[in-house]
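Heads up: the structure comes next, in structure tokens.
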Amino acid sequence: MHQAKDTLGNAYTVSHDASVTQMAHIIDAYLGSQATVMPLLDELLLTEPSMPMAICLRTYLLKLGSDPRLATPIQRGLDSLTALADSLNPREKMHLQALTSWVGNQLLATVETLEAILASYPRDMLALRLAHYLHFYAGSANNMRASVTRSLNNWAPADPYYGYLLGMHSFGLEESGDYTQAEAYGKQAIDCNPADIWAAHAVTHVFQMQERFAEGIQWIDSLVPHWDEANGFVYHLHWHKALCHLGMRDNEGALSIYDAHLAGAVDDDFYLDTCNAASLLWRLEILGVDVGQRWQALQAISAARVSDSELIFSTLHYLMAPARLNDQATIDRALKSLLAWSQANTTQGDICREVGLPIANALINIGKGDARQAANDLSAVADQIYLIGGSHAQRDLFTQIQHFSASQSHPH
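Be aware that the sequence shown starts at 11, since it is given in this note's numbering, and climbs by one per residue.
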């Protein structure tokens with residue numbers, strides 16, 4: 011094997027120079043949330059089974075699934091990359107270090123290593139996007155913004171992925187409250203590539219945070235035709251559109267989106283789909299909407315995944331259906347899992363202990379009809395809820411639940 015560089019100057023250990031071009035195409039598909047990413051990567055690995063960064067990316071993608079059922083192939087990927095350690099170039103060795111930390115569920119160490127990669131290789135888009143993701147699920151809006159900002163000056167508009175970079179910058183700006191700049195960068199990213207669903211998502215957040223709900227709906231509708239090749243992230247944009255309908259007091263419109271786009275997506279068994287569905291149903295119920303038997307349709311997957319112990323953000327959403335349905339057997343199993351997780355020496359274990367358990371107890375207490383205790387549970391951690399990760403728009407549900415529970419416990 012030998013060293014070959016991509017057009018951004020990043021070196022890869024390969025047997026064939028053409029593999030670098032294939033890798034660039036795969037990273038582009040990943041940045042664009044395209045459904046073809048894993049098939050393309052598997053195709054590359056057929057011709058380059060020992061290409062370190064192909065093995066690393068595949069294992070990163072599996073880890074991004076936040077699914078304990080993928081633990082065996084994840085460990086296999088890490089073992090394969092570790093076996094190649096002596097032949098890795100310096101950048102690849104740092105990626106091995108990041109992957110090792112991530113597989114060990116040490117997310118802070120992982121993101122520190124990714125940022126160290128970026129300090130030496132600021133045009134490593136894979137490291138940049140993964141750091142972006144991990145800052146997001148640490149609730150670190152300022153770090154998400156700073157991470158991209160540090161790298162921006164090393165890129166030029168003609169570079170590959172430049173539009174995606176602008177979209178990422180847009181989201182970091184939005185989550186840290188700079189809505190004007192976020193909208194400008196996001197729209198510039200869409201000008202570069204109308205199919206950039208992450209940039210579309212960032213601008214949607216701006217519309218939502220500024221209560222420009224009609225613009226948000228129009229924005230999403232105008233871009234839907236460009237998402238034919240997108241993966242399931244497209245359902246999250248439909249979720250955002252539903253929230254815009256709620257903002258316009260069009261509860262029926264939101265419920266229609268749920269039935270048309272969100273309910274069926276849950277069957278794909280990806281955590282974000284259940285997060286979308288459960289959080290929208292809870293919001294609708296807070297507004298007094300009768301959601302009928304829709305919670306029951308979430309029960310099977312929620313019960314199966316509530317003990318995942320991967321991301322506390324997703325676990326709390328998996329708990330929602332069992333809590334609303336007062337499924338005591340699943341609740342007991344979830345609490346046992348959460349207690350064990352809270353004692354684990356991992357990044358998410360610490361967050362589970364500090365914030366996750368009180369929020370879980372609040373959801374359970376609402377199911378039991380104890381609104382007063384639920385309000386107390388949430389008020390005790392109100393200033394720390396950001397630690398569970400996700401966006402302001404997603405975490406706002408827990409604030410809504412807190413206020414609703416308080417109003418129910420003090421109706422007069």
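All C-beta atoms, glycine included, are put in the ideal place defined by N, C-alpha and C.
query, result
"Pairwise C-alpha distance: A192 and I311", "35 angstroms"
"Distance between beta carbons of I374 and I341, contact taken as under 8 angstroms", "6 angstroms"
"Buried or exposed by the 16-neighbour rule on C-beta atoms within 10 Å, applied to K15", "exposed"
"For T23, the three-state DSSP class (helix, strand or coil)", "strand"
"Spatial distance of G182 from S401 (CA atoms)", "10 angstroms"
"Residue(s) in a DSSP beta bridge with H12", "V24"
"At least 3 beta-carbon pairs within less than 8 angstroms: the region 331 to 347 vs the region 302 to 318", "yes"
"C-beta atoms of S289 and L407 nearer than 8 angstroms", "yes"
"R222 to T57 span [Cα, whole Å]", "49 angstroms"
"Uninterrupted alpha helix (DSSP H) stretches inside the region 174 to 214 (no shorter than 4 residues)", "189 to 202"
"Integer Cβ distance of T357 from Q116, believed to fall under 8 angstroms", "6 angstroms"
"Whole-number beta carbon distance between K103 and A95, since they are thought to touch under 8 angstroms", "7 angstroms"
"Reference K197, options D169, P170, S186 and G226, closest by Cα", "G226"
"Run of the alpha helix (DSSP H) containing L291, from where it starts to where it stops", "Y281 to I296"
"Cα-Cα separation between N164 and Y174, rounded to whole angstroms", "14 angstroms"
"Short Cβ contact (8 angstroms threshold) for L176 with A209", "yes"
"Three-way DSSP call (helix, strand, coil) for Q353 in this model", "coil"
"Residues near E295 by beta carbon distance below 7 angstroms, same chain, minus five either side", "V301"
"Buried or exposed (CB count within 10 angstroms, at least 16 for buried), S319", "buried"
"Rounded straight-line distance, which links the Cα of S60 to that of S25", "9 angstroms"
"Boundaries (first-last residue) of the alpha helix (DSSP H) holding C254", "F243 to G257"
"Residue environment, N336, which counts as buried when at least 16 other CB atoms sit within 10 Å", "exposed"
"Spatial neighbours of N371 in its chain, beta-carbon cut-off 6 angstroms, leaving aside the 5 residues before and after", "D387"
"A205 vs W249 beta-carbon contact at 8 angstroms", "no"
"Beta-carbon proximity check, L140 vs R160, cutoff 8 angstroms", "no"
"Reduced DSSP secondary structure (H/G/I, E/B, other) of A240", "strand"
"Cβ-based neighbour list, D423, same chain, cut-off 6 angstroms, excluding 5 preceding and 5 following", "An answer regarding residue 423 cannot be provided, because it is not within the stretch 11 to 422 covered by the chain."
"Reference H215; option with closest CA among N241, M154 and S180", "S180"
"Unbroken alpha helix (DSSP H) run spanning N371, endpoints", "L367 to G377"
"Contacting residues, own chain, Cβ-Cβ under 6 angstroms from A34 (five flanking each side not counted)", "D16"
"Distance, R343 Cα to S317 Cα", "7 angstroms"
"Three-state secondary structure assigned by DSSP to Q44", "strand"
"Start and end residues, alpha helix (DSSP H) containing S324", "I322 to Y328"
"Test item: CB-CB of E239 and A45 under 8 angstroms", "yes"
"Spatial neighbours of Y40 in its chain, beta-carbon cut-off 7 angstroms, leaving aside the 5 residues before and after", "V47"
"Residues of its chain near Y70, where Cβ-Cβ distance is below 7 angstroms and the 5 sequence neighbours each way are ignored", "L109 and L140"
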